[in-house]
């Protein structure tokens, strides 16, 4: 059964299903910076899946949909602004049609809201990352931006705080300093009781 947002792997490439119609499906390649939605015959896809040449796989952006951004944080404000920009396109029934999509993009550009390049980037980001508002969290979430501590596993953020189910608090520099002060104070009190030396690190 073909479902929207399922991710399939074919020839070492991953594709996300964006829309399922009676005779066709729309999908997009995930790791292609120039990818756009593609129309594919539904019956052919089912045949290839049944042959084992295409297999359903894990969604690399699944955790992103579970994140809860801090209210009125920089990330939430930017995410919602990004969503508002591309909303007329992603809500259009024929978003996959290149001519219709181009016309809608030009309308937005003519309003002096943003550039064509930015719109295409946001569209790819939205479609490739799972078609949820969180798919539009600013890109420096993954790379580390000003005031953002880069995490090796891409699970942590700096300011503002972001909570993800099962991951606990994601720590920024301010919280880290607070933790350090609390730990140092705890060590100070412990050493006073024990009569040992105190070592404070700033």
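Numbering (our numbering), first residue to last: 1 to 202.
In this text, a Cβ means the ideal position worked out from N, Cα and C, and glycines have one as well.
1. On the three-state DSSP scale, how would you describe residue 121?
2. Taking Cβ to Cβ, would you say residue 17 is nearer than 8 Å to residue 2?
3. To the nearest angstrom, report how far apart residue 131 and residue 66 are at their CA atoms.
4. Verify whether the separation of the beta carbon atoms of residue 137 and residue 119 is less than 8 Å.
5. Where DSSP assigns a beta bridge to residue 41, which residues make up the other side?
6. Opposite residue 7 in the DSSP bridges: which residues?
7. So, do the segment 99–118 and the segment 67–81 have three or more beta carbon pairs nearer to each other than 8 Å?
8. Pull up the DSSP beta-bridge partners for residue 29, would you.
9. With the cut-off set at 8 Å, would you say residue 113 and residue 85 are in Cβ contact?
Inspection of the coordinates gives the following:
1. helix
2. yes
3. 13 Å
4. no
5. 24
6. 16, 57
7. no
8. 15
9. yes
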